[in-house]
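Let me begin by presenting the structure, written as structure tokens, before commenting on it.
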Amino acid sequence: MTRRFWVFIEQEVGTMHPVAGELLGVAQRLVTEISDELEASGEEAIVEGILIGCEVEDVARNAIEHGAERVYMVDDTAFEHYLNRPYTEAITNLVRKHKPEVFLIGATTLGRDLAGAVATSLKTGLTADCTKLEMGPIRKAQGKYLLATRPAFGGNVIATIVCKDFKPQMATVRPRVFESPKRDPKAKGEIVREDFKVTPDMLAAKLVEFIQEEQTQLNLEYADVIVSGGKGLGKADGFNLIKELADELGGVVGSSRAAVDGGWIEYEHQVGQTGKHVRPKLYIAAGISGAIQHKVGMQDSDYILAINTDPNAPIFEIATLGVVGDLYEVIPEMLKQLRAKKGAQA
Amino acid sequence: MIHLLVSVKQVPDTTNIRIDPETGSMIRKGVPAILNPYDAHAVAAAAEWKRKLNGKLTVITMGPPAAEIALKECIEMGADRGVLISDRKFAGSDTLATSYVLAEAIRKIHEEDPLDLIFFGKQAIDGDTAQVGPGAAIRLGLPLITYAVEIREINQTEGYALIVRKTERGREIIKTTLPAVLTAEKAIAEIPYASLPDLINSLRYEPENWSAEEPLAYDVDKVGLKGSPTWVAKSGSPEAHEPAETIIVAKEGLSTTVEKVLDNMLANNSVASIWEEIK
Amino acid sequence: MTEKIQFDVVIVGGGMAGSTAAAITAREGLNVAVIERGQKPGAKNYFGGALYTHALQEIYPDFFDRRPPLERPVTETGFWFLSEDGVVKMTVQGGVVDNDPIDAYVALRAEFDPWWAEQAAAEGAFYIPKTLVTDFIYEDGKVIGVKTDRPDGDVYAPVVIICEGVNNLLTQKLGLIDHDVLINKTALAVKQLISVPAKDINARLGLPDSKHGMAISVVGDVSMGMPGLGFLYTTSSALSLGVGVTLEALQETQIKPYELLQRYLEHPFIAPLIEDGQLMEYGAHLIPEGGWTTMPKLYTDGAMVAGDAASMVNAIHWEGTNMAITAGKQAALTAIEAHRKNDFSAKTLAGYQDRLSELFVFKDLKQYRKMSAFLENHPEFMSVYPNFLNDAMGMFFTGFGKPKRKLYKDIFRKLTERRPLFKAVGDMVAFGRAVTGI
Chain V
144 MTRRFWVFIE QEVGTMHPVA GELLGVAQRL VTEISDELEA SGEEAIVEGI LIGCEVEDVA
204 RNAIEHGAER VYMVDDTAFE HYLNRPYTEA ITNLVRKHKP EVFLIGATTL GRDLAGAVAT
264 SLKTGLTADC TKLEMGPIRK AQGKYLLATR PAFGGNVIAT IVCKDFKPQM ATVRPRVFES
324 PKRDPKAKGE IVREDFKVTP DMLAAKLVEF IQEEQTQLNL EYADVIVSGG KGLGKADGFN
384 LIKELADELG GVVGSSRAAV DGGWIEYEHQ VGQTGKHVRP KLYIAAGISG AIQHKVGMQD
444 SDYILAINTD PNAPIFEIAT LGVVGDLYEV IPEMLKQLRA KKGAQA
Chain R
3 MIHLLVSVKQ VPDTTNIRID PETGSMIRKG VPAILNPYDA HAVAAAAEWK RKLNGKLTVI
63 TMGPPAAEIA LKECIEMGAD RGVLISDRKF AGSDTLATSY VLAEAIRKIH EEDPLDLIFF
123 GKQAIDGDTA QVGPGAAIRL GLPLITYAVE IREINQTEGY ALIVRKTERG REIIKTTLPA
183 VLTAEKAIAE IPYASLPDLI NSLRYEPENW SAEEPLAYDV DKVGLKGSPT WVAKSGSPEA
243 HEPAETIIVA KEGLSTTVEK VLDNMLANNS VASIWEEIK
Chain L
11 MTEKIQFDVV IVGGGMAGST AAAITAREGL NVAVIERGQK PGAKNYFGGA LYTHALQEIY
71 PDFFDRRPPL ERPVTETGFW FLSEDGVVKM TVQGGVVDND PIDAYVALRA EFDPWWAEQA
131 AAEGAFYIPK TLVTDFIYED GKVIGVKTDR PDGDVYAPVV IICEGVNNLL TQKLGLIDHD
191 VLINKTALAV KQLISVPAKD INARLGLPDS KHGMAISVVG DVSMGMPGLG FLYTTSSALS
251 LGVGVTLEAL QETQIKPYEL LQRYLEHPFI APLIEDGQLM EYGAHLIPEG GWTTMPKLYT
311 DGAMVAGDAA SMVNAIHWEG TNMAITAGKQ AALTAIEAHR KNDFSAKTLA GYQDRLSELF
371 VFKDLKQYRK MSAFLENHPE FMSVYPNFLN DAMGMFFTGF GKPKRKLYKD IFRKLTERRP
431 LFKAVGDMVA FGRAVTGI
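Chains as they are written, first to last, in my numbering: chain V, 144 to 489; chain R, 3 to 281; chain L, 11 to 448.
Set out below in structure tokens:
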């Protein structure tokens, strides 16, 4: 019996979404966590990817280079654009065929559209937006199961969910929660082509038109420098200052939920549990109290600078360095001194 | 006559949470219960279309008796009928069990009076899973459009709708046959300030009560804890962190503060590497 | 076409006056609507504070059987005179205070007001929350209804009872008063509700158990020389501490309300009471201080006004809620009579004022009509005398070994240093007149 640890290899327009790489890394780690069981039982475990698309062999290769030992690929023009029904059917078909033990999907828009449908079709358990995944024991059961930990109640509670009696144990994970393993161009792996026929009844909903957004994709999740503004800005215009600092540092603008809810900036910029998870090298939080929902989204940043007038703001608990002061004074001063330093270099 | 349905949930207002300073855990008592914001916007959109097309709007919710208040808020926004599906047997339901309960209720309502479009909010702000809407769609065998930000058209005679969904890369215009299921983003409609007749109507309205047996007999193995493949093995508060070093502008002066900040930042390897690139 | 929304009586505001008027009129079988701008009744109300049993029982004789949400009974009450670093406490307990039931109970408005409204709803009153009344509907110069801020939001009724609270914008719109709230006749009170375990409250305040409570008027240093008072109330497991001064005083001194409150809480004899306490609530509210001098005309064709909106507060005695309840009832009785006669003109509604004249509401407000001016003109009352009292008593009880005659002279000097004798005498006379109304 081979124990299969599956990762959905998300792709759009022929490019693998980095979250798939991140999850392949997770899957590999999960396999090491059951090595004792494997030794005892003599079974094997394997990390496999499941890929749906059209002309996506390169993506399959990419997946292998990130740790997939095998990739099941359904390659057909019917799957050129993502649609819920055909993808759900194709995936559930393969799941029933190969019976994976664990199935991980990235919690992107596509992933979240897909995961609930797949889990319900398979009548199995799904835990969303996990921040921690490990194989471990559970009460009243033999063996190790997937322990899926996630924040609940807006991040005020951390819960560990298990799914004991149903397979596969499914989980979704937001991009950037885990680090991607390094790409290995010499990795060896198998690509298995699978057939799946899309029937007309699966096409009740069709893509009529795709409108690219005018601005280039923000790519908050993979930015190295993020300057975020929150409720402390007091008004939408405050983001002009945030942008200035972000530009000066070669970074992008982030936001707390409060600022998005207040209509000061678009949801794309939201960092946090219901926004984007980020792990930049430098994260500057200005006028952000640091409620747990926000913290959860950025606490893995390498260096966190917090600026807030309230010395008791929770953000100071996770900041590398905190400044108790008015951001409308501190940031302009930072810009002044940064520019001076740059001038001195020139 | 067009018939629309919205499934809503009453949730604790998770943006208004207090933490018990002694135990470090969330104080659940006294947290106000609200209509899930995404659901509220879904109801607003459905009510708008119901009025446009001169149709009917039914709202359902699975929850404790108190969820009746959420239904009344929906009546205030323009819903015509509210159904509270409540029973102790449903307690402990995870998303799979919940989608079962709701799908069966929707099926029953559809049998009596065919539905054209079914709305869910994108996600509930307590569970944040976004799984129930898609789960219900699968069970009902209906097309699913998530992250809906706009309904362009509902054409009942020809049986289709044009719905715009938002993804990371842009917007997709989806044409779907009806009936279909959508999950709504807040952008789909603004929440109106109800007219006084609608408000008064909602204050006087008594929702219908459905149990696990009547008017629909649920399979007890599929609801509650029994019907939930997942359960919570452990829950607790997030770890506390050590407070950071802080510099107070009022004490050190503005320029000294910023000098110290920049020095500290550049002493950090990660930040230093960025500085190398941008300087 | 929507139907006309029609009631027999419309009441603006679901606070103490409004819900009382609602209960009395609904009880009589009239079709009554209460239009409340808050999410629910009480959402916009805040006070120290204590409710007075006489008024509550007058509306519901079985009041205590209904298990009202009340905090501790006020079994000890009086004054604390604060100097900068000391206090003279003058309180009374037992004796007359030990009544059955106790005459006053500490309460939390966010709990009590919704309950008070529920009692009225049980009598048949219909509450419309989350809706703001913006104007009146007139016919031939008579009020025949109100406009609200909602679409299709006109509500018709032959008589409207305005219980809109201290910011009496509608009362002004109706022309019952020709000016907005006056800054020298309106106080801003800020308070904190700090949770302290009940047994600690009992220990720190010397209360025998949690069935005993305190309501204290705090005078002196607490208002930093401005006309105003501080207060302390004990809820079951929290202390409500606050201070109120006139808006004019705040404007003149530029002292921020939270600074004022913070100073009070840090007073050496106040701080220990709230040690290790948890801040539960922080809020503020305006209080009408003008009483008789800022009372609007109380009625016109088709409308009456009651409660804070009608300036019915005897500020120095902390009496406002009982006046509101009493006035609400009298307005209701007048509305009932108007319906009986099918005459809603000012002539009939004048009966409201007639009724009030016979009661403590009018009598007290009239008697205390000079009080707000007195406090404004005698700011030293809040600083000189409390400080003097602290010095006097302190010196009296510590000046051992000094000949008493010398001691008395020294004490007397402590007064005259601060205030020339003739002025002090004048203060006392003026205070006497302000209290007695003579």
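Where is the CB? At the ideal position from N, CA and C, for every residue including glycine.
Self-check item: Below-9 Å beta-carbon distance, P116 (chain R) vs any chain V residue
Solution: Answer no: the Cβ-Cβ gap between P116 (chain R) and chain V never drops below 9 Å.
Self-check item: chain R contacts made by the segment 243-268 of chain V, where a contact means CB separation under 9 Å
Solution: Answer in chain order: A250, T251, T252, L253, R255, D256, L257, A258, G259, A260, V261, A262, T263, S264, K266, T267, G268.
Exercise. Run through the segment 359-401 of chain L for me and flag every whole alpha helix (DSSP H) of 4 or more residues, listed as ranges in chain order.
Key: For the segment 359-401 of chain L, whole alpha helix (DSSP H) runs of length 4 or above, ordered along the chain, are 370-377, 381-387.
Quiz prompt | Inter-residue spacing [alpha-carbon to alpha-carbon] between I177 (chain V) and G168 (chain V) | solution = Taking the straight line joining both Cα atoms gives about 15 Å.
Practice problem: Compute the Euclidean distance between the alpha carbons of V97 (chain L) and I280 (chain L), then round it to the nearest angstrom. | Solution: Each residue's alpha carbon lies about 10 Å from the other.
Quiz item: Three or more beta-carbon pairs under 8 Å between the segment 328-338 of chain V and the segment 138-156 of chain R, yes or no?
Solution: The answer is no - the segment 138-156 of chain R does not touch the segment 328-338 of chain V, with fewer than three Cβ pairs under 8 Å.
Quiz item: I77 (chain R) to E192 (chain R), Cα distance in whole Å?
Solution: Taking the CA atoms as reference points, I77 (chain R) sits about 16 Å from E192 (chain R).
Exercise. Measure from the alpha carbon of V263 (chain R) to the alpha carbon of each residue in V:I474, V:R293, V:D272, then state which is nearest.
Key: Residue V:I474 is the option with its Cα nearest to V263 (chain R).
Quiz item: Which bits of chain R does M441 (chain V) rub up against, with CB to CB less than 7 Å?
Solution: Within 7 Å of the CB of M441 (chain V), no CB atom of chain R is found; the nearest one sits about 13 Å away.
Self-check item: Alpha-carbon spacing of T179 (chain R) relative to Y162 (chain R), whole angstroms
Solution: Each residue's alpha carbon lies about 4 Å from the other.
Quiz prompt | Whether R76 (chain L) touches V143 (chain L) by CB criterion (9 Å) | solution = A distance of 9 Å or more separates the beta carbons of R76 (chain L) and V143 (chain L).
Exercise. Would you kindly check if the distance between the Cβ of A203 (chain V) and the Cβ of T97 (chain R) is under 9 Å?
Key: Taking the C-beta atoms as reference points, A203 (chain V) is found no nearer than 9 Å to T97 (chain R).
Exercise. State yes or no: is the C-beta of P136 (chain R) within less than 9 Å of the C-beta of D256 (chain V)?
Key: In this structure, P136 (chain R) sits near D256 (chain V), with a CB-CB distance shorter than 9 Å.
Quiz item: For a contact meaning CB atoms closer than 7 Å, what does Y195 (chain R) contact in chain L?
Solution: Simply R160.
Practice problem: Work out the CA separation of L242 (chain L) and M498 (chain L) for me, nearest whole Å. | Solution: In the structure displayed, chain L extends from 11 to 448; residue 498 (chain L) sits before or after that span and is not available.
Quiz item: With respect to the alpha helix (DSSP H) encompassing I346 (chain L), which residues constitute its N-terminal and C-terminal limits?
Solution: That run of the alpha helix (DSSP H) goes 331-351.
Quiz item: Alpha carbon to alpha carbon, how far is T159 (chain R) from M3 (chain R)?
Solution: Their backbone Cα atoms lie some 10 Å apart in a straight line.
Quiz item: Mind listing which residues of the segment 197-209 of chain R have their C-beta closer than 8 Å to chain L's C-betas, in chain order?
Solution: For the segment 197-209 of chain R, which is checked against every Cβ of chain L, the residues closer than 8 Å are S197, L198, P199, L201, I202, L205.
Quiz item: Do the segment 153-171 of chain L and the segment 296-316 of chain L touch if we need at least three Cβ pairs shorter than 8 Å?
Solution: The segment 153-171 of chain L vs the segment 296-316 of chain L: in contact.
Quiz item: Name the chain R residues whose beta carbon is nearer than 8 Å to that of G163 (chain L)?
Solution: When 8 Å is used as the limit between beta carbons, G163 (chain L) is near these residues of chain R: S197, L198, in chain order.
Practice problem: With 9 Å as the threshold, decide whether the Cβ of F146 (chain L) is near any Cβ in chain R. | Solution: With 9 Å as the cut-off, F146 (chain L) does not count as an interface residue toward chain R.
Quiz item: Is the CB of G172 (chain R) under 9 Å away from at least one CB in chain V?
Solution: Yes - at least one Cβ of chain V is within 9 Å of the one on G172 (chain R).
Quiz item: Of the residues that make up the segment 87-107 of chain R, which ones have a beta carbon closer than 8 Å to any beta carbon in chain V?
Solution: Along the segment 87-107 of chain R, going in chain order, the ones with a CB nearer than 8 Å to a CB of chain V are D96, T97, L98, S101.
Exercise. Leaving out five residues on either side along the sequence, give the residues of the same chain with a beta carbon under 7 Å from the beta carbon of A131 (chain L).
Key: Excluding residues within five positions, the ones whose Cβ falls inside 7 Å are Y137.
Practice problem: Indicate whether at least one CB of chain V lies closer than 9 Å to the CB of V260 (chain R). | Solution: Yes, V260 (chain R) lies at the interface with chain V (some Cβ there is under 9 Å from its Cβ).
Exercise. Count the C-beta pairs between the segment 329-338 of chain L and the segment 203-222 of chain L that are closer than 8 Å, then say yes if the count reaches three, no if not.
Key: No: fewer than three Cβ pairs fall under 8 Å.
Quiz item: According to the neighbour-count rule (16 or more other Cβ atoms, all chains shown, within 10 Å of its Cβ), is G240 (chain L) buried or exposed?
Solution: The residue in question, G240 (chain L), is buried, as its Cβ has 16 or more Cβ neighbours within 10 Å.
Quiz item: In three-state terms, what does DSSP make of F354 (chain L)?
Solution: F354 (chain L): coil per DSSP, three-state reduction.
Quiz item: What did DSSP end up calling R422 (chain V) once you bin it into helix, strand or coil?
Solution: Coil, per DSSP.
Exercise. With distances taken Cα to Cα, identify the nearest neighbour of F321 (chain V) among V:V162, V:T175, V:M278, V:A206.
Key: Closest in C-alpha terms to F321 (chain V), from the list V:V162, V:T175, V:M278, V:A206, comes V:V162.
Quiz item: Using the beta-carbon count (16 or more within 10 Å), is N352 (chain L) buried or exposed?
Solution: Counting every other CB atom within 10 Å of its CB across the protein chains shown gives N352 (chain L) a total below 16, marking it as exposed.
Quiz item: Is any beta-carbon of chain V found at less than 9 Å from that of D41 (chain R)?
Solution: No, because no Cβ of chain V sits closer than 9 Å to the Cβ of D41 (chain R).
Practice problem: Kindly list the residues whose CB is nearer than 6 Å to the CB of L367 (chain V), restricted to its own chain and excluding five residues on each side of it in sequence; keep chain order. | Solution: The question names Leu, but residue 367 (chain V) in the sequence shown is Asp. So the qualifying residues of the chain are P423, K424.
Quiz item: Is there contact between the segment 31-46 of chain L and the segment 175-193 of chain L, where contact requires at least three CB pairs shorter than 8 Å?
Solution: At 8 Å Cβ cutoff, the stretches do not touch.
Quiz item: So, L289 (chain V) versus L269 (chain V), is the Cβ gap smaller than 9 Å?
Solution: Result no, Cβ atoms of L289 (chain V) and L269 (chain V) do not sit closer than 9 Å.
Practice problem: Note down the Cα distance separating I154 (chain L) from A114 (chain L), rounded to an integer number of angstroms. | Solution: Taking the Cα positions, I154 (chain L) is about 38 Å away from A114 (chain L).
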